[in-house]
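Residue numbers (the numbering used here): 2 to 1110.
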C-alpha cells in the first residue's frame, strides 16, 4: 500500500495556487524545517571603507615637510590626505563648499582648512579617521588668504576688505589685534587696495609681516609698533609673493607676466624687473605683456644658484599651448609642459625653517586631473613614478566589476605581465611623500577590480587589504583599424564618439577567460597567456541577428509563475537548423541600397603582435540588417567549462562556441518562448540608423565635458529607464532616482521591446526524471521571464573540438515583476553552487607540454523520494526575488523588494557566515536578503541622491564588499558586513607618526655676537587677550567640533601636544640653566686664579723695604 504523504499534497496546493503571501508562508515554514540559515541581521552593517583615485575638481594643496604628508582640498569640500603608498585618507566638510586654502600645523598632527563659505576648520590628524576639533565662521568678511608661521599657534586671516584678523588655533578664538587696510596703506593709495592676496612674516624677523594687496601694493608691517615700516607699489596686480631666506629681498609675480624683486629697505622702485617669457625688443623698450604669473616660489641652495619656480607667464601668442611650469636656475630656464591646467604647486625642501637655506629637491604640481612630482636634483627634471592609484580616469570609466576571494595565483600572474608595460624615464629616487604607517589588520582574501573605459582599454587592479594598485592594462581597440582623423569615421558606426568603449565585462578568474562587449555591437573573447605571439589574422565571426520590428504588450499577470513547457523542436545539429555565420563575403549594400551584412567597425588587416597577457581568441561582430544597425549588447556571459559565450540585445540572443569558432544559437526573444509566448507583439516603426552619443551620457549632466560624461551605460535598458524618469522631473537639481510608484512602474511597463537582461551558465535538472544535472543556459529578460536552454556538450576534449554543441529550448521557468537582474543556483542544503569552470592552462604551449584541462563540476545533486527537489534557482528582478525548487519548478519563496522604486544592481554573494542577495535600489537603498528564505536582513538609505554614473558602476562582491564610482575620477569602496566595520580601524593606515622636529639652523658665532640672526617674537604678549583685548563677537562665530569619541581623542591628542610643548620648554629651560652654571663655574675659576696671583705677589714683596722695590 502506498504511503500517504501530506507534504506532497501541500506541494501540489502550493504549485496550483497563485503566488500569494499565505502560500509562500506555508512553503517557507516547510523549507525552514530542512535548511538551517546562518545569516542574521546582526551580521550586517553598512559603512564606507576607503576612497581611491584622483581627487575630483581639486582646488588647493598643502604639505607637511616633517611628517611627509600631502593634503589636497577640492571644490566640493572634500579633503584627501596622502602619505606613503597605501596610506590614504578621505574626509568631507559638511557644508560642501570649496576648499580655498590648507595650512599644516607642521609636525603637530593638525591641519587648518579655509573654505569658500568663509569658515576655517581645525582637523585632528592624530586619529585614523580625522575629525574637526574647532570651526570658526566669519560673518561680515570674506576670507581670501591665510598664513600660519612655522611653530606658531597664531593664524593670520586676510579678507576681501583688505583687513587681517588673527586666530588662536588652539582655542579657535579671534584676537583683538586687527590690521586694518587703511592703517596699512595710509596715503600711499587714493583707492581701496583690494583683497589681501598674500601674508607672510620675514624669515629673519617674526615681528615684520609682509602684506600683499591685489592692486599691487605691498606693505611691511611692524607688529609691535602697529604701523607700516615700508610700502612698495607697482602698477600691476599682484598674484603671489616669495621671500629670500635671508629676509632682505622678496619677489612678486604680476598679472602682466613680470617678476619684481624688491630690497626691503629700498621701497622706491624694484631692484629688478624681469619678464621670463617676454620677447625683449631690440630698441630697449618694455617687453610685450604676457599672461599672469599666478604663483612664484624663491628657494635658495647652499652650494649653487637659487631656484625660481613659477606657473603661468607665457606669451599671449602661444594660444593653444598647454599649461607650463617654469624652473629658473642660474642662467638656465626650463619650461615643463603639463597635460592639464595647473591648480597649484609646492616646492619640497630639506628644512622646514624659512630662515635657512631651503635646499629644494622636488616640486609637487597639482593639475586638474593629475598629480605630478618633479625631481629638481637630476638633469632634465624627470618626474617621480606615482605610487598612488590616480589613473582611474585616464580614460572615462564606462563599467566596473568587483571580484573578491579570487584564486591566489591570479594577482601574481597579472602583475608579472603588467610589470612589463611600465613606462621608463622616471626619476631613480624614491617617492618623497612617504609619511604615515600601514594598517595592522588585513583581510584574508584577495580582491580584484576590473574597470572598462571609453577608449576601449581595460584595467585590472589589485584591491586587496583596502589598497589599490594597477596590475595590468589591456587595449581592446588594437584589433580594429582606427580612422586617421575624426572626419574619416566609418559610415557604419552606430555611436558618434568613443566607438571602442567597453559596455559589459564577463570574467572567469579560475580559467582567466575574459569576455568584453563594446558599444559598437562587438564581443571579444580573450585567453591569458604568458607567451608573446603574433596573430596573422584575427579570428572573426560575424553574426546577423534577427531584426525583430515589434513592440511588446506585457500581460497584467507579470508576477505569476509561468508553466514549464519544453519546446518540441530540439536541435542536435545546429548547423542545419540554426543560422550559421561566417566571415562576411557579401556586398556591403543590399539591392535597395541599404547597408546589409556589414559590421560597425573595420577589423585590423595587418598582423597583430600580442604581448604576454590577454590575447584575442575570437572577435564577434553584429552586422547591419537591411539598413537597420545592430542593437547594442545588453547582457553577456562566458563559461570556460563549456567553451561558450552568450550575449543578448533587444533583438534576441546568440550563443557562440569560441573553441570551434561557430555560432550555435541565434534566435529572437519571441522564438525562445515557442508556443508559450505570453506577450502580444505589435509592429512598430524602424528606429534611426545612428545612435547619438548623447544617449550614452549622464542624463543629469548635459553640459558636462565629453570626458566627464558617461560614455556607455551597462545596458541600454537602464539608460532608457533613467532618461524616462529624468524627463518626468522638472527640477534639474534633483538627481535622485526616487520617484512615485506611478512613475517608476510606468518606466518599466513602457519598455517597447523585450530585452535580454541577464545570463547564467549552470548544470541543472530540467526534468524530474533526470538524475544527473546537464549543462544549461538560463536567460533573463527585461519583462521578468526566466527561460532555460539545455546544452549538450561533448564530454572529452577530443570530441569537444570535433562534435557540435547540442541545443534544446526548455521554455520559461518562472515569471517575476520587472526585468531579471541576477540568477544563481543553490543545492539542497541552501549552499551556493559555484559556477562550472575549466582550470587555466597555457594556450600557446606545445600540444605535448600542455596540461590536460580539468573541468570543475559541482557535486551531483542527490534527491530523495520524500523530497525530489534537490536544487533551487534564485532569481532576482528589479522588483522582487523568488526561489524556485528544481526540477519541480515550484516557487517556494517570494519577496517583493520594492514597490516605489526598482533595483539597479543585485548580486548573490557568499559571506563567511552564509549566502545572501545584496541589492542596490534606484532610491538609494542598499538591502540584503537571506537565502533561501529571502528574509530582509539589512535596509539602509545610503545614497538618497544618485546619478547615472553610480547606476552604471555599482557592484557587489563576495565577503561583504561593494564599490561604485562616486565621481568621474574616484572609486568609493564600502562594506555591508559587521565584522569588517568592527575591524576597519585596525585596517586603516595612520597618518601621524611621532617624528622629531629638525634642529633650528645654527646662527653662527658672529651673528650671535652682533645680533644678526633671526629675531623671535612673543606673539602671545602681542595677540593675547591681556594686551590686544577681545574681538568683536559679531565678526565670527565659534563652532565646536563633533563630540563623542572623536572629540575625546582629539582632546587627548591636544593634551599630548601640550605635554610635548611643556617638555620642549623644560628642555630649553634646562639648557639655559646649564649654560648659566657653566658661566658661573668659569667665573669661579677666574676668581680663584686671580686670588692665587695676588697671593704670589704678596709673598714676593712681603719682606722688602720701600726703597728695595
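Virtual Cβ for every residue (Gly too), placed ideally from N, Cα, C.
Any idea what DSSP makes of residue 727, helix, strand or coil?
Indexing the chain shown from 1 puts residue 727 at position 726. For residue 727, the predicted structure reports a pLDDT of 41, less than 50, and the residue's modelled location is therefore unreliable. The matter cannot be settled from this model.
Mark residue 897 as exposed unless 16 or more other C-beta atoms lie within 10 angstroms of its C-beta, in which case mark it buried.
Within the chain shown, numbered from 1, the residue matching residue 897 stands at position 896. Exposed is the call here.
Close beta carbons around residue 1031, own chain, < 7 Å, minus the five adjacent residues each side
Position 1030 of the chain shown holds residue 1031. The answer, listed in chain order, is 177.
Can you check which of these residues, 318, 334, 926, 184, is closest to residue 275 by C-alpha distance?
In the chain shown, residue 275 corresponds to position 274, counting from 1. Comparing Cα positions, the closest option is 334.
Under a three-way DSSP split, which group does residue 462 fall into?
To locate residue 462, count along the chain shown from 1; it is residue 461. Looking at residue 462 - three-state DSSP - the assignment turns out to be strand.
Would you identify the three-state DSSP class for residue 942, choosing helix, strand or coil?
For this step, residue 942 is matched to residue 941 along the chain shown. Reduced to three states, the DSSP call for residue 942 is strand.
Can you give me the start and stop residues for the beta strand (DSSP E) that residue 473 sits inside?
The sequence position of residue 473 within the chain shown is 472, counting from 1. Here the beta strand (DSSP E) through residue 473 covers 470-476.
Is residue 330 closer than 8 Å to residue 306 when the C-beta atoms are compared?
Mapped onto the chain shown, residue 306 falls at position 305. Mapped onto the chain shown, residue 330 falls at position 329. Result yes, Cβ atoms of residue 306 and residue 330 sit closer than 8 Å.
Residues that residue 325 bridges to, as DSSP identifies them
Residue mapping note: residue 325 aligns to position 324 of the chain shown, counting from 1. Its beta-bridge partners are 338.
Starting from the Cα of residue 537, find the closest Cα among 544, 480, 529 and give me that residue.
Walking along the chain shown from the start, residue 537 turns up at place 536. It is 480 whose Cα lies nearest to the Cα of residue 537.
Residue span of the beta strand (DSSP E) that contains residue 917, given as start and end
For this step, residue 917 is matched to residue 916 along the chain shown. Here the beta strand (DSSP E) through residue 917 covers 915-922.
For residue 298 and residue 253, what's the separation of their Cα atoms in angstroms?
Within the chain shown, numbered from 1, the residue matching residue 298 stands at position 297. Within the chain shown, numbered from 1, the residue matching residue 253 stands at position 252. The straight-line gap from Cα to Cα measures roughly 9 Å.
Can you check which of these residues, 755, 810, 759, is closest to residue 776 by C-alpha distance?
Counting from 1 along the chain shown, the entry for residue 776 is found at position 775. Measuring from the Cα of residue 776, the nearest candidate turns out to be 810.
Am I right that residue 207 and residue 989 are in contact with their C-beta atoms under 8 Å? What's the rounded C-beta distance?
Start at 1 with the first residue of the chain shown, and residue 207 comes out as number 206. Start at 1 with the first residue of the chain shown, and residue 989 comes out as number 988. Actually they do not touch by this definition, with Cβ atoms about 38 Å apart.
Given residue 220, which residues of its chain have a CB within under 6 Å of its CB, disregarding the five upstream and five downstream residues?
Here residue 220 corresponds to residue number 219 of the chain shown, with the count starting at 1. The residues are 185, 212, 229, 232.
Helix or strand or just coil, what does DSSP make of residue 317?
Here residue 317 corresponds to residue number 316 of the chain shown, with the count starting at 1. Note: residue 317 maps to coil in three-state DSSP.
Closer than 7 Å by C-beta to residue 785: which residues in its own chain qualify, once you throw out the five before and the five after it? Chain order, please.
For the purposes of this step, residue 785 is identified with residue 784 of the chain shown, where counting begins at 1. Within the same chain, residue 785 has close Cβ partners 559, 816, 817, 818, 819, 820, 821, 878.
Helix, strand or coil: how does DSSP classify residue 824 here?
For the purposes of this step, residue 824 is taken as residue 823 along the chain shown, with counting starting at 1. Assigned with DSSP and collapsed to three states, residue 824 falls in strand.
Pairing CB atoms from the segment 903-923 with CB atoms from the segment 870-884, are three or more of them under 8 Å?
yes
Going residue by residue through the segment 231-302, where are the continuous alpha helix (DSSP H) segments of at least 4 residues, counting only ones entirely within it?
none
Grab the span of the beta strand (DSSP E) containing residue 979 for me, first residue to last.
In the chain shown, residue 979 corresponds to position 978, counting from 1. Counting along the chain, residue 979 falls outside any beta strand (DSSP E), though it belongs to the alpha helix (DSSP H) covering 979-983.
Under 7 Å: does the beta carbon of residue 617 sit that close to some heavy atom of the ligand FMN?
The model on display carries no ligand, and the ligand FMN is accordingly not part of it.
Tell me which residues share the same chain as residue 759 and place their Cβ nearer than 7 Å to its Cβ, disregarding the 5 neighbours each side in the sequence.
Residue 759 sits at position 758 when you count from the first residue of the chain shown. Correct list, in chain order: 636, 781, 821, 822, 823, 824.
Give me the Cα-Cα distance between residue 308 and residue 247, rounded to the nearest whole angstrom.
Taking the first residue of the chain shown as 1, we reach residue 308 at position 307. Taking the first residue of the chain shown as 1, we reach residue 247 at position 246. Residue 308 and residue 247: Cα-Cα distance of roughly 15 Å.
What is the DSSP secondary structure of residue 1116, counted as helix, strand or coil?
Outside the shown range of the chain (2 to 1110) lies residue 1116, about which nothing can therefore be said.
8 Å Cβ cutoff met for residue 239 and residue 197:
Here residue 239 corresponds to residue number 238 of the chain shown, with the count starting at 1. Here residue 197 corresponds to residue number 196 of the chain shown, with the count starting at 1. No, the Cβ-Cβ distance between residue 239 and residue 197 is not below 8 Å.
Do you know how far the Cα of residue 975 is from the Cα of residue 49?
The count along the chain shown starts at 1 and reaches residue 49 at position 48. The count along the chain shown starts at 1 and reaches residue 975 at position 974. Taking the straight line joining both Cα atoms gives about 4 Å.
Based on the DSSP secondary-structure assignment, which residues constitute the bridge partners of residue 86?
On the chain shown, position 85 is the one that residue 86 refers to. Answer by DSSP bridge pairing: none, since residue 86 is not bridged.
Output needed for residue 402: all residues of its chain with C-beta closer than 7 Å, excluding positions within five of it in sequence on either side, in chain order.
Locating residue 402 in the chain shown gives position 401, counting from the first residue. If we look at residue 402 and ignore the five residues flanking it on each side, its Cβ neighbours are 451, 506, 508, 956.
Answer yes if the segment 375-390 comes into contact with the segment 927-937, meaning at least three C-beta pairs across the two stretches below 8 Å, and no otherwise.
no
Indicate whether residue 300 and residue 361 have their beta-carbon atoms separated by less than 8 Å.
Working through the chain shown from its first residue, we reach residue 300 at position 299. Working through the chain shown from its first residue, we reach residue 361 at position 360. A contact, by the Cβ cut-off of 8 Å.
State buried or exposed for residue 39, treating a residue as buried only when at least 16 other CB atoms are found within 10 Å of its CB.
Here residue 39 corresponds to residue number 38 of the chain shown, with the count starting at 1. Exposed: under 16 other Cβ atoms inside 10 Å.
Can you give me the C-alpha to C-alpha distance between residue 787 and residue 423, rounded to a whole angstrom?
For this step, residue 787 is matched to residue 786 along the chain shown. For this step, residue 423 is matched to residue 422 along the chain shown. If you take the alpha carbons of residue 787 and residue 423, they lie about 45 Å apart.
Write down every uninterrupted run of the beta strand (DSSP E) in the segment 53-108 whose length is 3 residues or greater and which is fully enclosed by it, in chain order.
59-65, 70-75, 79-83, 89-93, 100-106
Do residue 618 and residue 513 come within 8 Å of each other at the CB atom, strictly closer than that value?
As a working mapping, residue 513 is identified with position 512 in the chain shown. As a working mapping, residue 618 is identified with position 617 in the chain shown. In this structure, residue 618 does not lie closer than 8 Å to residue 513 by Cβ.
Mapping the DSSP letters down to three states, classify residue 519 as helix, strand or coil.
As a first step, residue 519 is located in the chain shown; it is residue number 518 there, counting from the start. Looking at residue 519 - three-state DSSP - the assignment turns out to be strand.
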